[in-house]
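K.L.:
In the numbering used here, the protein residues as written are 1 to 502. One structure follows; several queries about it will come next.
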């Protein structure tokens with residue numbers, strides 16, 4: 001092929017010399033490198049793959065070098081980028097209403113030759129993956145797995161919250177401690193008593209209020225503490241040790257220590273009651289019942305341990321809080337009687353709008369009709385409950401929560417007249433009781449709200465002339481009076497603690 005001496009025709013790139021290319025303006029230009037001039041292809045030489053023969057009507061054919069010849073062996077960078085970033089997997093088309101599968105569209109490919117493809121895009125074929133919707137069992141399993149992961153993260157989050165609170169309190173500890181020490185030394189308590197409160201990092205108000213009311217029972221706490229040599233030696237009595245750790249930290253100014261004591265007590269309780277393991281809101285009545293029942297269940301083991309080294313153990317719950325109720329059922333047909341005695345730690349009362357605590361208690365002891373088939377053939381009997389024994393501390397639970405016909409939990413806000421003094425009759429003797437603590441539920445709904453506790457001041461006597469009480473709202477503790485509590489808590493009172501007068 002003869003090579004013409006005429007100058008080669010200018011390419012489009014040479015016509016734009018001196019102008020900035022659009023992709024250089026968009027992505028930046030590379031550093032120009034010196035290129036050796038291309039030597040014309042002589043006779044007998046074969047033209048490269050990117051060279052083209054141009055036929056001229058005025059002379060022999062000429063070899064014209066295009067812009068692509070400057071990048072021989074390299075593909076255009078745009079094609080390499082878009083070809084590598086192309087989708088490698090496509091979802092199979094969905095079927096139409098008649099069950100026929102739709103024909104998928106041909107995927108858009110970059111206009112690049114097979115010889116110019118980069119290694120990441122060479123010889124690759126789009127893979128078609130069939131999409132299958134998850135079944136109900138798979139969705140349920142995935143939901144359970146997500147909930148399990150969330151529960152597993154709760155202890156970690158709790159630890160992080162505790163660590164953050166402890167670090168913050170450590171920085172402010174010196175000023176807080178000096179202020180409290182100064183207040184105690186001067187015997188002037190003032191309106192704020194925050195050093196007697198318990199921190200609440202994660203919906204623990206039900207536990208804080210219940211523990212504050214139990215700590216108000218000075219004789220009960222003293223009885224537990226006096227038998228430390230027994231329950232401290234038994235590994236199974238972890239709950240008792242953790243409970244006393246909370247009691248001993250009650251007057252501490254170190255809120256971090258209080259938070260750790262509360263967390264360890266909650267862990268010990270959750271061993272046999274896993275429903276209290278998480279950090280969600282719980283019912284204060286159920287929590288209090290669980291604490292007292294677990295303490296009572298340790299009594300046989302503690303009595304056996306005490307007898308092994310020549311001592312005795314008396315369960316504080318049974319000595320102070322347990323009472324016996326005698327239930328008598330009488331057949332209305334033949335007059336046969338059946339008597340049963342049961343032990344209780346808490347007595348539940350149905351709410352009657354406008355009644356006082358004394359009236360609610362009397363209503364619970366009245367005779368009621370009962371559907372019961374006797375051997376004589378009668379189907380109706382009467383039942384009446386009476387106190388067989390009286391406790392040192394009587395705990396009354398007002399039934400403020402109930403389920404609707406649609407099984408939705410609702411709260412009853414009927415006012416109850418709270419008496420400071422209460423008279424209770426029994427088959428043995430009558431007893432006079434004084435109100436010493438109240439647990440209240442604040443909020444209009446049954447599935448949410450906040451628990452607070454009110455109790456007699458720990459430094460005040462039962463017949464304190466100043467009527468000093470404290471309002472325990474987690475870590476915020478303020479002074480109040482018993483008369484104010486009875487007036488303000490008529491619609492929110494939930495659990496009442498009455499101490500028997502000697």
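C-beta atoms are modelled at their ideal positions from N, C-alpha and C, and glycine is treated no differently. Just so we're clear, the structure is a prediction, and the values are computed from it rather than from any experiment.
Measuring only the C-alpha atoms, how far is residue 312 from residue 227?
P.N.:
Against the chain shown, residue 312 aligns to sequence position 312. Against the chain shown, residue 227 aligns to sequence position 227. Straight-line Cα distance between these residues: approximately 9 Å.
K.L.:
What do you reckon, are the CB atoms on residue 260 and residue 477 nearer than 7 Å?
P.N.:
On the chain shown, residue 260 is found 260 positions in, with the first residue counted as 1. On the chain shown, residue 477 is found 477 positions in, with the first residue counted as 1. For residue 260 and residue 477, no; Cβs fall outside 7 Å.
K.L.:
In the structure shown, what three-state DSSP assignment does residue 224 receive?
P.N.:
Here residue 224 is taken as the residue at index 224 of the chain shown, counted from 1. Note: residue 224 maps to helix in three-state DSSP.
K.L.:
Excluding five sequence neighbours on each side, which residues of the same chain lie with their C-beta closer than 6 Å to the C-beta of residue 471?
P.N.:
By 1-based counting over the chain shown, the position of residue 471 is 471. Hits under 6 Å: 454, 478, 480.
K.L.:
So residue 451 and residue 209 are in contact, right, with Cβ under 8 Å, and what is the actual spacing, rounded?
P.N.:
Mapped onto the chain shown, residue 451 falls at position 451. Mapped onto the chain shown, residue 209 falls at position 209. That belief holds up - the Cβ atoms of residue 451 and residue 209 are roughly 4 Å apart, short of 8 Å.
K.L.:
Please classify residue 185: is it buried, with 16 or more other beta-carbons within 10 angstroms of its beta-carbon, or exposed?
P.N.:
Counting from 1 along the chain shown, the entry for residue 185 is found at position 185. Any reading at residue 185 must be qualified, since the residue scores a pLDDT of 32, below 50, and its modelled position is unreliable; the value itself is stated next. Exposed, since its Cβ has fewer than 16 Cβ neighbours within 10 Å.
K.L.:
Kindly indicate the opening and closing residues of the alpha helix (DSSP H) around residue 269.
P.N.:
Mapped onto the chain shown, residue 269 falls at position 269. Residue 269 -> alpha helix (DSSP H) spans 255 to 270.
K.L.:
Using only the alpha-carbon positions, how far apart do residue 357 and residue 249 sit?
P.N.:
As a first step, residue 357 is located in the chain shown; it is residue number 357 there, counting from the start. As a first step, residue 249 is located in the chain shown; it is residue number 249 there, counting from the start. Cα-Cα distance, rounded: 34 Å.
K.L.:
Measuring straight from C-alpha to C-alpha, what distance separates residue 370 and residue 316?
P.N.:
Sequence index remark: in the chain shown, residue 370 carries index 370 (1-based). Sequence index remark: in the chain shown, residue 316 carries index 316 (1-based). The straight-line gap from Cα to Cα measures roughly 35 Å.
K.L.:
To the nearest angstrom, how far is it from the Cα of residue 265 to the Cα of residue 338?
P.N.:
In the chain shown, residue 265 corresponds to position 265, counting from 1. In the chain shown, residue 338 corresponds to position 338, counting from 1. Residue 265 and residue 338: Cα-Cα distance of roughly 42 Å.
K.L.:
Measure from the alpha carbon of residue 318 to the alpha carbon of each residue in 294, 146, 239, then state which is nearest.
P.N.:
Position 318 of the chain shown, counted from the start, is the residue given in the question as residue 318. It is 294 whose Cα lies nearest to the Cα of residue 318.
K.L.:
Determine the DSSP secondary structure at residue 461, reduced to helix, strand or coil.
P.N.:
Position 461 of the chain shown holds residue 461. In the structure shown, residue 461 sits in coil (DSSP, three-state: anything other than H, G, I, E or B).
K.L.:
Is it buried or exposed for residue 40, if we count other Cβ within 10 angstroms and need 16 for buried?
P.N.:
Stepping through the chain shown from its first residue, residue 40 is reached at position 40. Note on residue 40: pLDDT 46, under 50, position unreliable in the model; the coordinate value appears next. Exposed, since its Cβ has fewer than 16 Cβ neighbours within 10 Å.
K.L.:
Since residue 397 and residue 364 are thought to touch, with beta carbons under 8 Å apart, how far apart are those beta carbons, to the nearest angstrom?
P.N.:
By 1-based counting over the chain shown, the position of residue 397 is 397. By 1-based counting over the chain shown, the position of residue 364 is 364. That belief does not hold up - the Cβ atoms of residue 397 and residue 364 are roughly 11 Å apart, past 8 Å.
K.L.:
Keeping to the same chain, check which residues put their C-beta closer than 6 Å to that of residue 122; ignore five residues upstream and five downstream.
P.N.:
For the purposes of this step, residue 122 is taken as the residue at position 122 of the chain shown. At residue 122, the pLDDT of 41 sits below 50, so the modelled position is not reliable; the number obtained from the coordinates is stated separately. Closer than 6 Å at the Cβ level, and outside the excluded window around residue 122, lies no residue.
K.L.:
On the three-pair Cβ rule with 8 Å, is the segment 234 to 246 touching the segment 292 to 306?
P.N.:
Yes, the segment 234 to 246 is in contact with the segment 292 to 306.
K.L.:
Which residue comes first and which comes last in the alpha helix (DSSP H) that contains residue 354?
P.N.:
Within the chain shown, the letter at position 354 stands for residue 354. No alpha helix (DSSP H) holds residue 354; DSSP gives it neither H nor E.
K.L.:
Can you give the beta carbon distance from residue 499 to residue 462, rounded, assuming they're within the 8 Å contact cut?
P.N.:
As a working mapping, residue 499 is identified with position 499 in the chain shown. As a working mapping, residue 462 is identified with position 462 in the chain shown. With a Cβ gap of about 7 Å, residue 499 and residue 462 count as contacting.
K.L.:
Rank 367, 336, 283 by C-alpha distance to the C-alpha of residue 402 and give the top, closest one.
P.N.:
Here residue 402 is taken as the residue at index 402 of the chain shown, counted from 1. Of the listed residues, the one whose Cα sits closest to residue 402 is 283.
K.L.:
Could I get the ranges of all uninterrupted beta strand (DSSP E) runs contained in the segment 388 to 432, with 3 residues as the minimum, in chain order?
P.N.:
Listed in chain order, the complete beta strand (DSSP E) runs (minimum 3 residues) inside the segment 388 to 432 are 393 to 398, 401 to 403, 409 to 411, 421 to 424.
K.L.:
Taking the alpha carbon of residue 394 as the point to measure from, which residue in 214, 199, 198, 440 has its own alpha carbon closest?
P.N.:
Your numbering for residue 394 matches position 394 in the chain shown. Of 214, 199, 198, 440, the residue nearest in Cα terms is 214.
K.L.:
Alpha carbon to alpha carbon, how far is residue 391 from residue 557? Give it in angstroms, no decimals.
P.N.:
Only positions 1 to 502 of the chain appear in this structure, which leaves residue 557 out of reach.
K.L.:
Closer than 7 Å by C-beta to residue 400: which residues in its own chain qualify, once you throw out the five before and the five after it? Chain order, please.
P.N.:
Locating residue 400 in the chain shown gives position 400, counting from the first residue. Taken in chain order, the residues that qualify are 351, 411, 412, 441, 494.
K.L.:
Output the residue ranges of the alpha helix (DSSP H) runs that lie fully inside the segment 459 to 501 and measure 4 residues or longer, sorted by chain position.
P.N.:
Complete alpha helix (DSSP H) runs here, min 4: 482 to 488.
K.L.:
Determine the closest residue to residue 251 out of 456, 449, 447, 196, with distance taken between C-alpha atoms.
P.N.:
Taking the first residue of the chain shown as 1, we reach residue 251 at position 251. Looking at the Cα atoms, 196 is the closest of the given residues.
K.L.:
Suppose contacts are defined by Cβ-Cβ distances below 7 Å. Is residue 514 in contact with residue 448 by that definition?
P.N.:
Since the first and last residues shown for the chain are 1 and 502, residue 514 lies out of range.
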